[in-house]
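*Asks:* In UniProt numbering, the protein residues as written are 1 to 86. If you scroll down you'll find the structure; I have some questions about it.
See below:
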């Protein structure tokens, strides 16, 4: 409960300042306010060691992208084979 209160206070402190006039919209380049889940993710990334090594992560990423490419080719091949000619 105390951790949630701490994260909420951090989020409130990190919120961008409101424009001087209420009718003036914020600039497009202004980021949105930090949320409690975003602060939690950042703290976790800093204090928790990575669950997998960088080499394992890269090899998994390569496998996943190859698998997606194979699935995409199979999908398009099946769609073109099922199209009625006429």
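Where is the CB? At the ideal position from N, CA and C, for every residue including glycine. Quick caveat: nothing in here was measured; it's all calculated off a predicted structure.
What are the start and end residues of the alpha helix (DSSP H) that includes residue 83?
*Replies:* Careful: residue 83 lies outside any alpha helix (DSSP H) and carries neither H nor E.
*Asks:* Would you say the region 70-82 touches the region 37-47, given that touching needs at least three Cβ pairs under 8 Å?
*Replies:* In short, these stretches do not touch, since the Cβ pair count stays below three.
*Asks:* Mind checking which residues open and close the alpha helix (DSSP H) that includes residue 34?
*Replies:* No alpha helix (DSSP H) holds residue 34; DSSP gives it neither H nor E.
*Asks:* Under 7 Å, do residue 32 and residue 7 count as touching if we go by C-beta distance?
*Replies:* Against a cut-off of 7 Å, the Cβ pair of residue 7 and residue 32 comes out as no contact.
*Asks:* Report the option in 83, 70, 82 and 5 whose CA atom is closest to the CA atom of residue 37.
*Replies:* The shortest Cα separation from residue 37 among 83, 70, 82 and 5 belongs to 5.
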